[in-house]
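Chemist: Chain order of the listed sequences is A and B. Taken in order, the first sequence gives residues 81 to 336; the numbers are from our numbering. Taken in order, the second sequence gives residues -19 to 370; the numbers are from our numbering. From the three backbone atoms N, C-alpha and C, an ideal C-beta is built for every residue, glycine too. Note that the structure is predicted; figures quoted are calculated from it, not measured. Just dropping this structure here.
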Amino acid sequence: MVMDVVVLAKHVPDPQGTPELGEDFLLRREGVDGALDPGDEYPLEAALRITEYHGGEVTVVSMGPEPAMTAIRRALSMGAHRAVLITDPALRGADALVTARVLASAVRRQPFDLVLAGIESTDGYTGTLPMTVAELLGVPAATFARRVEVNDRIVRTERQTEEGYDVVECPLPAVVTVTAGATEPRYPTLKGIMQAKQKPVERLTAADLGLSPEELAPTQSVIAVEAAPQKAVGEIVQGDDAVTRVADFLAEAKVI
Amino acid sequence: MAADAIDPLDFLDVDRLLTDDERAIRQMVREWVADRVLPNIEAWFENAEFPREVAKELGGLGLLGMHLTGYDCAGTNAVSYGLACLELEAGDSGFRSFVSVQGSLCMFPIWKFGSEEQKKKWLPAMAAGDLVGCFGLTEPDAGSDPTRMRTSAKRDGSGWVLSGTKMWITNGGIADIAIVWAHADDGIRGFIVPTDTSGFSAKDIHRKLSLRASVTSELILDDVRLSNDHVLPGVVGMKGPLSCLSEARFGIVWGAMGAARSCFDTALGYAKDRVQWGRPIAGFQLTQEKLTDMALELNKGMLLALHLGRMKDEGRVRPQQISMGKLNNVREALKIAREARSILGASGITLEYPIIRHMNNLESVYTYEGTNEIHTLIVGEALTGLRAYE
């Protein structure tokens, strides 16, 4: 059973750096160092393992300005077979819904068995995109998978929970989000890096996807940005009854 | 980091002189070093241990013999090889040494001077890290003057008998094969010696205070009998081993800057955090002079390494030019390490920080692959036409 697996990938500003906001409160994405979202390496690793086992190809689909090619090349050098990059000035400021429409339209252009994504991006953190893509594609979504297996057109996932995991199965095609608790992503190899440039990258605009200006108009906008409040100073517990008071505090916080 | 800010670790933006592939290769090695070397290096160094199992990891990434073509080698350019050496040595000189010995000193002579059968037999397994090599040129009484080596190779019917002792051999005790250079009737010849051949033994050198995360050994060849398919057919004379050294020295030109960068990075961070008289010591003029001089030499050394790399990729670099690179970059790296140590004060002498480890390692790097003095004389000879040694 040959599998066509799509991985949704995002180019994010340097995950170790401090992101910069423009005057319109949008993240500066051009002229800053960036990388493939580290959270996207887990679904990519899962996709590579699935195609290595079953045969088939991994297609990376990404939306973003030109620097997103860095992320795509990283994914190709890790072993993805091909990529689709949607770049369009009209997509600047796209919210999660618009992004989902674009990605779903790009995914739909060719047959697919499985779409894998990270659980959320490390810049926007909305965490809603994969499920929206699933809805737009009309396929089931299984989320927070720490393990993904495919058998007889069924995808079986272990959904990470606070207590352990749930086993969730759904028929293919499907969308699955993969957690950072899944298998450790591989390093790109020298051969992979050198071959990445020869792999096909299809470049599309919003018009190529047949999306109307209405469908591309964001319905959300950022109107203000405020610094996170300083963490309150902790209370120092001293004295003979310190243990009891700490225990009471923990009980109150429902930790114990 | 914003595009318009100056990166203290790449002040002159040498990064922009690299291609996308070169940056991606550098990034991959940097990540591997961060994940696999840095968390363990203090213990490996302290316990004088080289983790043999990383050979296969390095092979899996494609880093062994990476600048060679064919026979499962990655076939990158020289600059990429240099960048990999830099990142490995920013971890520890022991790891860069391992890769230098495997790729430049063992795989290179087989690739360059070996028969087709030898290449097919040895190179893929060495590229994968399944087989580890070592390089036997130096002897107890023949260091800078290797032509006076005593190891001999005598014809024995259709084969050879090797006798002698090799000293200060990196990877010796963990190697599966040794490239051994020996005097034969017609001049110095190179041999591929499987280390399980009868008469071959290796004795590790202990109590080193430098390159502790690396195996250094003495090789003893006691009438080692080899069939004729173990001699490298493509070279007779000192140009054989010297061409290998030139390859390895090229990697050191880069590697030394990796150790220097690690020291500079550590010292800069420490100076900004360490408060005396109510303000960070980075704000004092004496410290700033040290940091500026370190950054200056680091950036000059990077430009030198990159320039030699581009020349090598164009096929026009001369061994004497690589000597100039090794001479400068190791000398300056050692100075940077010592200056960094002074900025850290007492903290600079502990293994909690990488500085004294790099500093001690660089003492070996200063000496091996041609001492600082010999490289000075090689450049001197190239300048004057007069040879001051021999």
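#1: Mind listing the chain B neighbours of residue 270 of chain A? Cutoff is C-beta to C-beta under 8 Å, in chain order.
#2: Can you tell me the Cα-Cα spacing of residue 368 of chain B and residue 350 of chain B, whole angstroms?
#3: Going straight from the alpha carbon of residue 98 of chain B to that of residue 264 of chain B, what length do you get?
#4: Less than 8 Å separating the beta-carbons of residue 237 of chain A and residue 221 of chain A?
#5: Give me the chain B residues within the contact set of residue 273 of chain A, using Cβ-Cβ distance strictly less than 7 Å, ordered along the chain.
#6: Do you know how far the Cα of residue 249 of chain B is from the Cα of residue -12 of chain B?
#7: Over the uninterrupted alpha helix (DSSP H) stretch that includes residue 133 of chain B, give me the two end residues.
#8: Can you name the residues that DSSP bridges to residue 160 of chain B?
#9: Measuring straight from C-alpha to C-alpha, what distance separates residue -19 of chain B and residue 137 of chain A?
#10: If you pair each beta-carbon of the region 147 to 161 of chain A with each one of the region 170 to 190 of chain A, do three or more pairs fall below 8 Å?
#11: Measuring CB atoms only, is the region 142 to 156 of chain A touching the region 276 to 287 of chain A, in the sense that at least three cross pairs come out at less than 8 Å?
#12: With H, G and I counted as helix, E and B as strand and the rest as coil, what does DSSP make of residue 203 of chain B?
#13: Can a CB atom of chain B be found closer than 8 Å to the CB of residue 185 of chain A?
#14: Could you tell me whether any Cβ in chain A is nearer than 8 Å to the Cβ of residue 140 of chain B?
#15: Can you tell which of A:82, A:101, A:113 has the C-alpha that lies nearest to the C-alpha of residue 95 of chain A?
#16: Here's the rule I'm using: 16 or more other beta-carbon atoms within 10 Å means buried, otherwise exposed. How should residue 82 of chain B be labelled?
#17: Just to confirm the assignment, what range does the beta strand (DSSP E) spanning residue 182 of chain B have?
#18: Roughly how many whole angstroms lie between the Cα atoms of residue 331 of chain A and residue 268 of chain A?
#19: Just the Cα atoms here: how many angstroms apart are residue 338 of chain A and residue 124 of chain A?
#20: Compute the Euclidean distance between the alpha carbons of residue 265 of chain A and residue 129 of chain A, then round it to the nearest angstrom.
#21: Cβ closer than 7 Å: which chain A residues qualify as neighbours of residue 33 of chain B?
#22: Cβ atoms of residue 103 of chain B and residue 90 of chain B: under 8 Å apart, would you say?
#23: Pick helix, strand or coil for residue -19 of chain B, following the three-state DSSP scheme.
#24: Return the chain-ordered list of same chain residues with a C-beta closer than 6 Å to the C-beta of residue 275 of chain B, the five sequence neighbours on each side being excluded.
#25: Which residues in chain A have a C-beta closer than 7 Å to the C-beta of residue 11 of chain B? List them in chain order.
#26: For residue 153 of chain A, return the contacting residues in chain B, with the cut-off set at a CB-CB distance below 8 Å.
#27: Looking only at its own chain, which residues have a Cβ that is under 6 Å from the Cβ of residue 281 of chain B, when we skip the five neighbours before and after it?
#28: Can you check which of these residues, B:222, B:159, B:109, B:257, is closest to residue 211 of chain B by C-alpha distance?
#29: Less than 8 Å between the C-beta atoms of residue 203 of chain B and residue 143 of chain B, yes or no?
#30: Quick check: residue 324 of chain B and residue 316 of chain B, are their CB atoms within less than 8 Å of each other?
#31: Based on the DSSP secondary-structure assignment, which residues constitute the bridge partners of residue 51 of chain B?
#32: Ignore the nearest five residues each way along the sequence and tell me which others in residue 18 of chain B's own chain have a CB closer than 7 Å to its CB.
#33: Taking Cβ positions, are residue 195 of chain A and residue 213 of chain A nearer each other than 8 Å?
#34: What did DSSP end up calling residue 109 of chain B once you bin it into helix, strand or coil?
#35: Please report how far the alpha carbon of residue 98 of chain A lies from the alpha carbon of residue 117 of chain A, in whole angstroms.
#36: Can you list the residues of chain B that residue 157 of chain A reaches, using a CB-CB cut of under 7 Å?
Modeler: Result, derived from the coordinates:
#1: Per Cβ cutoff of 8 Å: 5, 8, 41, 42, 43, 46, 54, 56, 60.
#2: Residue 368 of chain B and residue 350 of chain B: Cα-Cα distance of roughly 15 Å.
#3: If I take the Cα positions, the gap works out to 60 Å.
#4: No. Outside cutoff.
#5: The contacting residues are 1, 4, 5, 8.
#6: C-alpha separation (whole angstroms): 11 Å.
#7: Segment 132 to 136 is the beta strand (DSSP E) holding residue 133 of chain B; no alpha helix (DSSP H) there.
#8: Secondary-structure assignment with DSSP links residue 160 of chain B through a beta bridge to B:116, B:171.
#9: Reliability of the predicted coordinates at residue -19 of chain B is poor, the pLDDT of 48 falling under 50, and the value obtained from them is presented with this limitation in mind. For residue -19 of chain B and residue 137 of chain A, the distance between alpha carbons rounds to 35 Å.
#10: Using a C-beta cut-off of 8 Å, the region 147 to 161 of chain A makes no contact with the region 170 to 190 of chain A, since fewer than three inter-stretch Cβ pairs fall below that distance.
#11: Cβ pair count under 8 Å is three or more, so yes.
#12: In this structure, residue 203 of chain B counts as strand in the three-state DSSP scheme.
#13: So, not an interface residue.
#14: So, not an interface residue.
#15: Closest by C-alpha distance to residue 95 of chain A, out of A:82, A:101, A:113, is A:113.
#16: The residue is buried, with at least 16 neighbouring Cβ atoms inside 10 Å.
#17: Note, residue 182 of chain B: beta strand (DSSP E), 180 to 184.
#18: The alpha-carbon of residue 331 of chain A is positioned some 47 Å away from that of residue 268 of chain A.
#19: Any question about residue 338 of chain A goes unanswered here, given that chain A covers just 81 to 336.
#20: Going by the C-alpha atoms only, they are around 10 Å apart.
#21: The contacting residues do not exist; residue 33 of chain B stays about 16 Å from chain A at best.
#22: With respect to residue 103 of chain B, residue 90 of chain B sits close: the two C-beta atoms are nearer than 8 Å.
#23: At residue -19 of chain B, the pLDDT of 48 sits below 50, so the modelled position is not reliable; the number obtained from the coordinates is stated separately. If DSSP states are grouped into helix, strand and coil, residue -19 of chain B belongs with coil.
#24: Same-chain partners within the cutoff: -9.
#25: Listed along the chain, the chain A residues whose CB falls inside 7 Å of the CB of residue 11 of chain B are 267.
#26: Simply 0, 4.
#27: Spatial neighbours of residue 281 of chain B in its own chain (CB-CB distance under 6 Å, excluding positions within 5 residues in sequence) are listed in chain order as 237, 309, 312.
#28: Nearest to residue 211 of chain B by alpha-carbon distance, out of B:222, B:159, B:109, B:257, is B:159.
#29: With respect to residue 143 of chain B, residue 203 of chain B sits close: the two C-beta atoms are nearer than 8 Å.
#30: Result no, Cβ atoms of residue 324 of chain B and residue 316 of chain B do not sit closer than 8 Å.
#31: None; residue 51 of chain B has no bridge partner.
#32: Around residue 18 of chain B, the same chain offers 71 as residues with beta carbons nearer than 7 Å, after the five sequence neighbours per side are excluded.
#33: Yes, they are a contact pair.
#34: It is coil, neither helix nor strand.
#35: If you take the alpha carbons of residue 98 of chain A and residue 117 of chain A, they lie about 14 Å apart.
#36: Per Cβ cutoff of 7 Å: 4.
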